[in-house]
Every structure is written in C-alpha cells, then in structure tokens.
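Notes to accompany the following structure.
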Amino acid sequence: MLLEAALSTNSAILLTDNGPQLWRWVETRLYRKLKKSQKYIEQIAIDFISKRKESLKQSTTTKNEVKSLLELYLSSTELDMKDVTGMAVDMLLAGVDTTNYTTSFALYHLATNPEVQNNLYEESCRLLIEPNSPVTTDILSQAQYMKAVLKESLRLNPISVGIGRILAQDAVLSGYHVPRGTVVVTQNQVSCRLAEYFNDPNKFQPERWIKTHPLYKQVSPYLVLPFGHGPRTCIARWLAEQNMHAIILKIIRHYEVGWAGGVLDCKSLLINKPDGPLCFTFKERSKVH
Numbered sequence: 001m002l003l004e005a006a007l008s009t010n011s012a013i014l015l016t017d018n019g020p021q022l023w024r025w026v027e028t029r030l031y032r033k034l035k036k037s038q039k040y041i042e043q044i045a046i047d048f049i050s051k052r053k054e055s056l057k058q059s060t061t062t063k064n065e066v067k068s069l070l071e072l073y074l075s076s077t078e079l080d081m082k083d084v085t086g087m088a089v090d091m092l093l094a095g096v097d098t099t100n101y102t103t104s105f106a107l108y109h110l111a112t113n114p115e116v117q118n119n120l121y122e123e124s125c126r127l128l129i130e131p132n133s134p135v136t137t138d139i140l141s142q143a144q145y146m147k148a149v150l151k152e153s154l155r156l157n158p159i160s161v162g163i164g165r166i167l168a169q170d171a172v173l174s175g176y177h178v179p180r181g182t183v184v185v186t187q188n189q190v191s192c193r194l195a196e197y198f199n200d201p202n203k204f205q206p207e208r209w210i211k212t213h214p215l216y217k218q219v220s221p222y223l224v225l226p227f228g229h230g231p232r233t234c235i236a237r238w239l240a241e242q243n244m245h246a247i248i249l250k251i252i253r254h255y256e257v258g259w260a261g262g263v264l265d266c267k268s269l270l271i272n273k274p275d276g277p278l279c280f281t282f283k284e285r286s287k288v289h
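Letter by letter, the sequence shown follows residues 1 to 289 of the UniProt record's numbering.
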C-alpha cells in the first residue's frame with residue numbers, strides 16, 4: 001500500500017502541477033487522489049513516530065549513544081510534531097521509489113551487458129571473499145567499478161527529470177528569451193545522452209568513469225547531476241548511493257542476473273520509473289570462485 005500511495009502521489013503531483021489548475025478552486029478527482037495518497041503516507045509516518053516515542057520513554061540510552069535522525073527531531077525543542085511528521089513523510093516519499101527504480105535500472109543494464117556484469121562480479125569476489133561477507137564502509141571505498149556502474153546507469157536513466165531553479169536574471173536558452181523569475185528545469189535524460197559530451201552516448205560503458213581506463217574522458221562536473229547540486233542537493237544522496245552499492249554488490253556476488261523482457265526505458269512521472277515489467281532472472285552462482 002505504501003508503494004501504491006507513493007506512486008499515486010508522484011503521478012498526481014506531476015499532473016496537478018503541470019495540468020489545468022482547477023484544483024485551486026474546486027477539489028478535482030485528481031486532487032482528491034493526491035490528498036488521499038498523502039494522508040495515507042502521513043498516517044504511516046504518525047504511527048511510526050508514535051511507536052518510536054513510546055520506545056524512547058522505555059529506553060535507557062546514554063548521553064554518548066548515537067541517536068537516529070528521528071530521535072534528534074523528537075528531542076529538539078525547536079520542532080513541533082507537525083515539523084517532525086513533515087520530515088518523516090518527506091523521507092518516506094523520497095526514499096520509497098527512488099532507490100527501487102534506480103537499482104532496477106542498474107540491474108537491467110548489468111543483465112543486458114554480460115561483460116560488464118562479469119567485471120563487477122570479479123570485483124565483488126575480490127572484495128567479498130565469501131558470498132556472505134559483510135559489506136563494510138572500507139569495502140565500499142574500494143568498490144570503484146561498482147561506483148562507475150551506478151554512475152553510468154544514472155547517466156542513462158536518471159531518477160530525476162532535472163533540477164528546477166528560478167532564473168535570477170534574463171537568459172537566452174536555445175534561442176528563446178526567458179525572463180528572470182521564470183522556473184526552469186534542466187533535462188537530465190537529454191543532456192546526459194548528447195554525442196557532443198559522450199562517445200557512444202546510448203551505450204552502457206561504466207569504464208568511461210574510470211580515470212585509468214582508455215575510455216575515460218573528462219566532462220563537466222555539472223553535466224551528470226542525478227541528485228542535484230548545491231544547498232538543495234538530495235539530502236540523502238550518500239545514504240542512497242551506499243545502499244545501492246551494497247545491495248547490487250551482494251546480488252551480483254550471489255547471482256548471475258539475466259533479462260527475459262524487451263527493451264526497458266523510462267516513464268516520467270514526478271520521477272523517472274521503468275516503463276514496463278521487471279523481467280529479471282536470477283541464477284545462483286557457484287560458491288567456489
């Protein structure tokens with residue numbers, strides 16, 4: 001239900017924001033759908049917060065013990081429950097589908113590029129001596145090919161449509177005069193596939209991000225920005241990347257991932273999602289490498 005509510009929220013926000021604005025004066029069917037989905041997510045957040053508050057009352061934590069973000073919010077005198085609930089809702093909505101879709105696209109590219117998948121498997125075997133070895137921060141710091149795989153997947157299938165900003169001054173974009181104060185949104189999936197910036201732009205080549213590889217070509221650091229940039233960059237970027245690196249490493253260490261479907265592309269809602277079913281196959285690897 002949470003996944004359905006998140007999907008409904010994302011699709012409804014896109015349509016209410018970019019379509020006819022009748023909902024500003026009367027509750028349209030789409031607006032009611034958005035409100036229902038957000039109320040459901042809000043109730044999940046409230047229930048979770050209530051349980052956490054109750055457990056904190058019964059806990060015997062010490063002053064030196066590291067607190068979770070939610071615990072810090074609950075202990076703050078500057079935040080009321082509306083603030084805490086709003087933060088929790090944002091975390092649920094922003095974290096449910098984004099990592100799921102991004103991981104799915106990465107696995108799709110690995111499944112349809114066996115040579116790349118084998119290279120990642122070799123790295124996973126080198127870093128995870130045993131299939132059940134834990135993925136530590138030290139291991140992740142050495143997983144350079146894994147990082148290149150995810151970055152390349154995000155280049156081809158960025159989770160966000162683009163970065164929205166308000167122009168501080170007039171600008172000319174593609175020959176059009178755009179006055180200051182206009183909201184503009186960059187198009188990640190367009191800029192990241194332009195031949196003027198990348199050789200074979202539609203080809204999945206993680207090696208293009210590895211400085212010691214012949215395919216490496218330095219590009220502007222502002223070209224591939226799936227998490228945004230500046231003070232409004234994705235607040236959970238490092239956590240999201242760490243989670244995806246860990247889970248993909250583990251999956252490839254344990255399984256040979258195949259693909260039994262057609263070409264998978266993206267469908268743009270508020271974020272980009274796979275445009276079809278996920279037809280993965282998983283073949284368990286030999287425990288001896």
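Quick reminder that beta carbons are idealized off the backbone N, C-alpha and C, glycines included.
Q | Sequence-distant residues of the same chain with beta carbon closer than 7 angstroms to M146, five excluded per side | A | Same-chain partners within the cutoff: L120, E123, H245, I248, L249.
Q.
Using DSSP's beta-bridge definition, name the partner residues of K273.
A. K267
Q: Would you kindly check if the distance between the Cβ of H109 and the Cβ of F204 is under 8 angstroms?
A: yes
Q: Take N188 as the anchor and find which of R208, H229, H213, K51 has the nearest alpha-carbon.
A: Here the closest residue by C-alpha is H229.
**Q.** Nearest-angstrom beta carbon gap, P206 and V116 [assumed within contact, 8 angstroms]
**A.** 6 angstroms
(Q) Assuming contact is defined by CB atoms lying nearer than 8 angstroms, are I41 and T85 in contact in what I supplied? (A) No, Cβ-Cβ distance for I41 and T85 is not below 8 angstroms.
Q | First through last residue of the beta strand (DSSP E) which encompasses I251 | A | Where I251 is concerned, there is no enclosing beta strand (DSSP E), although the alpha helix (DSSP H) it sits in stretches over 237 to 254.
Q) At a cut of 8 angstroms, does the segment 257 to 272 reach the segment 154 to 162 through at least three beta carbon pairs? A) Output reads yes: the segment 154 to 162 touches the segment 257 to 272.
Q: Pull up the DSSP beta-bridge partners for H213, would you.
A: In DSSP, H213 forms no bridge with anything.
Q: Report yes if the C-beta of F282 is less than 7 angstroms from at least one heavy atom of the ligand ADP; otherwise report no.
A: The model on display carries no ligand, and the ligand ADP is accordingly not part of it.
**Q.** Nearest-angstrom Cβ-Cβ length linking L269 and S11, presumed shorter than 8 angstroms
**A.** 5 angstroms
Q | C-beta atoms of K283 and E256 nearer than 8 angstroms | A | yes
Q) What residues are listed by DSSP as bridge partners for K51? A) Bridge partners of K51: none, in fact.
Q: Sort A171, R165, L69 by Cα distance to A88 and report the nearest one.
A: L69
Q | A111 - partner residues in DSSP beta bridges | A | BP columns for A111 are empty, so no partner.
Q) Just to confirm, are L14 and V96 a CB contact at a threshold of 8 angstroms? A) No, the pair does not count as a contact, with Cβ atoms beyond the cut-off.
Q: Measure the CB-CB distance between T243 and T112 and report whether it falls below 8 angstroms.
A: Checking the displayed sequence, the identity of residue 243 turns out to be Asn instead of Thr. It is not a contact, given that the beta carbons lie outside the stated cut-off.
**Q.** Neighbour-count burial assignment, S153, 16 or more Cβ in a 10 Å radius
**A.** buried
Q | Rounded straight-line distance, which links the Cα of V178 to that of L167 | A | Roughly 8 angstroms between the two C-alpha positions.
Q. What residue range is occupied by the uninterrupted alpha helix (DSSP H) comprising A143?
A. Segment: none, A143 is in no alpha helix (DSSP H) and carries neither H nor E.
Q | Close-in-space but distant-in-sequence residues of the same chain around M91 (CB under 7 angstroms, 5 per side omitted) | A | none
Q: Please say whether L93 and A236 have beta carbons closer to each other than 8 angstroms?
A: no
Q: Could you name the residues of the same chain whose beta carbon sits closer than 7 angstroms to that of T233, not counting the 5 residues immediately before and after it, in chain order?
A: F227
Q. Would you say residue 295 and L239 are within 8 angstroms of each other, going by their C-beta atoms?
A. Summary: the structure shown does not reach residue 295, with the chain confined to residues 1 through 289, and so no result is reported for it.
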